[in-house]
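Chains as they are written, first to last, in the numbering used here: chain A, 6 to 155; chain B, 6 to 155; chain C, 6 to 155. All C-beta atoms in this analysis are idealised placements derived from N, C-alpha and C, irrespective of residue type, glycine included. What follows is a single structure, written as structure tokens, with notes after it.
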Amino acid sequence: MAEDAVGLGAVTVLGVLEQAYFSLQVIYARRKYSVSPPNTSGPPEFERIFRAQANCSEYFPIFIIVLWTSGVFFSQGLSSICGLLYLYGRLRYFWGYAACAHGRLAPLYFSAQFLWVLIGFSSVGILLTFCRVYLSVDLLEELGSALGLV
Amino acid sequence: MAEDAVGLGAVTVLGVLEQAYFSLQVIYARRKYSVSPPNTSGPPEFERIFRAQANCSEYFPIFIIVLWTSGVFFSQGLSSICGLLYLYGRLRYFWGYAACAHGRLAPLYFSAQFLWVLIGFSSVGILLTFCRVYLSVDLLEELGSALGLV
Amino acid sequence: MAEDAVGLGAVTVLGVLEQAYFSLQVIYARRKYSVSPPNTSGPPEFERIFRAQANCSEYFPIFIIVLWTSGVFFSQGLSSICGLLYLYGRLRYFWGYAACAHGRLAPLYFSAQFLWVLIGFSSVGILLTFCRVYLSVDLLEELGSALGLV
């Protein structure tokens, strides 16, 4: 299995390191603005960094789940590329939100878009696999020959 | 691997779509009751929808983890059915909680029950696999012949 | 696949049971200190138990992700042992935090350390697999012969 999934594994570990980086930024912001746990309210500069990390954490399990379903059932290469773009969007989201509240929007939409692409890939991949395994129908082949006849 | 897990993959993607639906409902409720982020308090109608989504999100990674351990180590078919029933329970929980605080209880117990069934399946499946791989003992066969002797 | 990952599966199910135990402790503490949901503030004894559970939940998906990447790409045995030590650290963290705020620190550092070890194992394992699959280079062998020549 390891051989077939090394791209997904690499994106996964990169994602974990990105989450670790966000968590460290919150720890530094807590020190800088003197907000000790379990408090989560403080100056707006602190709250923006805190919210940015919380939002990225909330979506991280969903991201990893669709990265792998898309990679296993559709295409490892395309899924890994979408995964890298998602992580890049999240990094820009974090920096943008830390700078000002408005700065979070453009990269948020950018990364959300790749999450939807991964969900789309997963759905298509699972549908194709389902038809092949349980109905013995190769939808791609059927589609190809149908288009060839037209 | 894709062929052996298409049922689990389908339930997983359905679950992700359900989570996306819950998140969209929170966005609509934010607009309807004019509660802009990062605020999370507002009229009780808003807070119930917000809490329902938060509770479903909190349990989602645990659900996906036990769905797959149960499916890989015990039975893909039974696990997929339990997974579908869990997701159905969560949908009724979300709608029930959105209507009134009391409406969340019955579907919450319903879905919790299937989470425990998946944990039970996982434990049994891992115990059987462990005995087979490391102790070269097939517990099911041993049990069968023991019962046959009685 | 089940045969190759039974150790990882066992640690995963143990981790899920530990999370269930933490959640039950919060429910008992809610009853004991009369803090009904969705309230999360109350006497310090309650808040410490609540925070301990929340912190363990927050890290649980990350833990499961690196446990499996480390187990699949590096070594199942070493990863399972690190996973058990992480879960043991989390149990001591929960009990320590429930007793007093200071009691959480030593076991928190203990468990964080094993999380970093699992991230390190995953990174090394993925790098080695990547070089073997895409560059047809066996880094361990290269390293061995380089050291042999020196």
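Practice task
Under 7 Å between beta-carbons, which chain A residues line up against S128 (chain C)? List them in chain order, please.
Solution key: Translated into the one-based positions of the third sequence, residue 128 (chain C) becomes position 123. What S128 (chain C) touches in chain A: V18.
Exercise for the section: For I69 (chain C), collect the residues of the same chain with a Cβ closer than 7 Å to its Cβ; drop the 5 residues on either side in sequence, then sort them by chain order. Expected result: Within the third sequence, residue 69 (chain C) is the residue found at index 64, counting from 1. Here the set comprises T17 and G20.
Practice task
Please classify G1 (chain B): does DSSP put it in a helix, a strand, or coil?
Solution key: Residue 1 (chain B) lies beyond the stretch modelled for chain B, which goes from 6 to 155, so this question has no answer here.
Handout entry: Cβ of V31 (chain A) within 9 Å of any chain C Cβ
Key = Along the first sequence, read from residue 1 onward, the residue named residue 31 (chain A) stands at position 26. Answer no: the Cβ-Cβ gap between V31 (chain A) and chain C never drops below 9 Å.
Problem - Collapsed DSSP secondary structure at N44 (chain A) in the structure displayed - result: Looking up residue 44 (chain A) in the first sequence gives position 39. Coil.
Handout entry: Proximity below 9 Å, CB of T74 (chain B) to CB of G125 (chain B)
Key = To locate residue 74 (chain B), count along the second sequence from 1; it is residue 69. To locate residue 125 (chain B), count along the second sequence from 1; it is residue 120. No.
Practice task
For F79 (chain C), name the three-state secondary structure that DSSP assigns.
Solution key: Here residue 79 (chain C) is taken as the residue at index 74 of the third sequence, counted from 1. Residue state, collapsed to three classes: coil.
Practice task
Report back the beta-carbon spacing between F119 (chain B) and G94 (chain B) to the nearest angstrom; my notes put them in contact at under 8 Å.
Solution key: Stepping through the second sequence from its first residue, residue 119 (chain B) is reached at position 114. Stepping through the second sequence from its first residue, residue 94 (chain B) is reached at position 89. Indeed they touch by this definition, with Cβ atoms about 7 Å apart.
Problem - Those runs of the alpha helix (DSSP H) which lie wholly inside the stretch 49-116 of chain C and span at least 4 residues - result: 49-78 and 81-104
Problem - Beta carbon proximity, R137 (chain B) to chain C, threshold 9 Å - result: Reading the second sequence from its first residue, position 132 is the one you call residue 137 (chain B). At least one chain C Cβ lies under 9 Å of R137 (chain B).
Handout entry: Cut-off 6 Å between Cβ atoms - residues of its own chain near R109 (chain B), not counting five sequence neighbours on either side
Key = Position 104 of the second sequence, counted from the first residue, corresponds to residue 109 (chain B). If we look at R109 (chain B) and ignore the five residues flanking it on each side, its Cβ neighbours are Y98, G101 and Y102.
Exercise for the section: Evaluate the contact criterion for the stretch 32-47 of chain A versus the stretch 143-154 of chain C: three or more CB pairs, one atom per stretch, below 8 Å. Expected result: no
Problem - DSSP state of Y38 (chain A) mapped onto helix, strand, coil - result: Translated into the one-based positions of the first sequence, residue 38 (chain A) becomes position 33. It is coil, neither helix nor strand.
Practice task
Using the Cα positions of S128 (chain A) and R36 (chain C), report the straight-line distance between them to the nearest angstrom.
Solution key: The residue you call residue 128 (chain A) lines up with position 123 of the first sequence. The residue you call residue 36 (chain C) lines up with position 31 of the third sequence. Going from the Cα of S128 (chain A) to the Cα of R36 (chain C) covers about 43 Å.
Exercise for the section: Say whether chain B places a C-beta atom closer than 9 Å to the C-beta of I54 (chain A). Expected result: Mapped onto the first sequence, residue 54 (chain A) falls at position 49. Taking Cβ atoms only, chain B never reaches closer than 9 Å to I54 (chain A), which makes this a no.
Exercise for the section: Note down, in chain order, all residues in the stretch 96-115 of chain A with a beta-carbon under 7 Å from any beta-carbon belonging to chain C. Expected result: none
Exercise for the section: Please classify L140 (chain A): does DSSP put it in a helix, a strand, or coil? Expected result: On the first sequence, residue 140 (chain A) is found 135 positions in, with the first residue counted as 1. Residue state, collapsed to three classes: coil.
Exercise for the section: Enumerate in chain order the residues of its own chain whose CB-to-CB distance from R53 (chain A) is below 7 Å, with the five nearest sequence positions on each side excluded. Expected result: In the first sequence, residue 53 (chain A) corresponds to position 48, counting from 1. Contacts found: Y102, A103 and A106.
Handout entry: Rounded separation between F65 (chain A) and V142 (chain A) - CA only
Key = The residue you call residue 65 (chain A) lines up with position 60 of the first sequence. The residue you call residue 142 (chain A) lines up with position 137 of the first sequence. Whole-angstrom Cα-Cα distance: 35 Å.
Exercise for the section: Might you give, ordered along the chain, the residues of its own chain that have their beta carbon closer than 8 Å to the beta carbon of L145 (chain A), omitting 5 neighbours on each side? Expected result: The residue labelled residue 145 (chain A) in the question sits at position 140 within the first sequence. The residues are L133.
Practice task
Could you check how far apart the C-beta atoms of L96 (chain A) and S84 (chain A) are, in whole angstroms? I think they sit under 8 Å.
Solution key: In the first sequence, residue 96 (chain A) corresponds to position 91, counting from 1. In the first sequence, residue 84 (chain A) corresponds to position 79, counting from 1. Incorrect: roughly 19 Å between the Cβ atoms, too far for contact.
Practice task
Determine which residues of the stretch 35-50 of chain C have a Cβ less than 7 Å from any Cβ of chain A, and write them out in chain order.
Solution key: none
Exercise for the section: Select from C:N60, C:V31 and C:C61 the residue whose C-alpha is nearest the C-alpha of G47 (chain C). Expected result: Position 42 of the third sequence, counted from the first residue, corresponds to residue 47 (chain C). Among C:N60, C:V31 and C:C61, the Cα nearest to that of G47 (chain C) is on C:V31.
Problem - Length of the line joining the Cα atoms of I86 (chain B) and A7 (chain B) - result: Counting from 1 along the second sequence, the entry for residue 86 (chain B) is found at position 81. Counting from 1 along the second sequence, the entry for residue 7 (chain B) is found at position 2. Cα to Cα, I86 (chain B) sits roughly 18 Å from A7 (chain B).
Practice task
Please go through the same chain and pick out, in chain order, the residues whose beta-carbon is closer than 8 Å to the beta-carbon of F27 (chain B), but skip the five residues on each side of it.
Solution key: For the purposes of this step, residue 27 (chain B) is taken as the residue at position 22 of the second sequence. The answer, listed in chain order, is A57, Q58, C61, S62 and F99.
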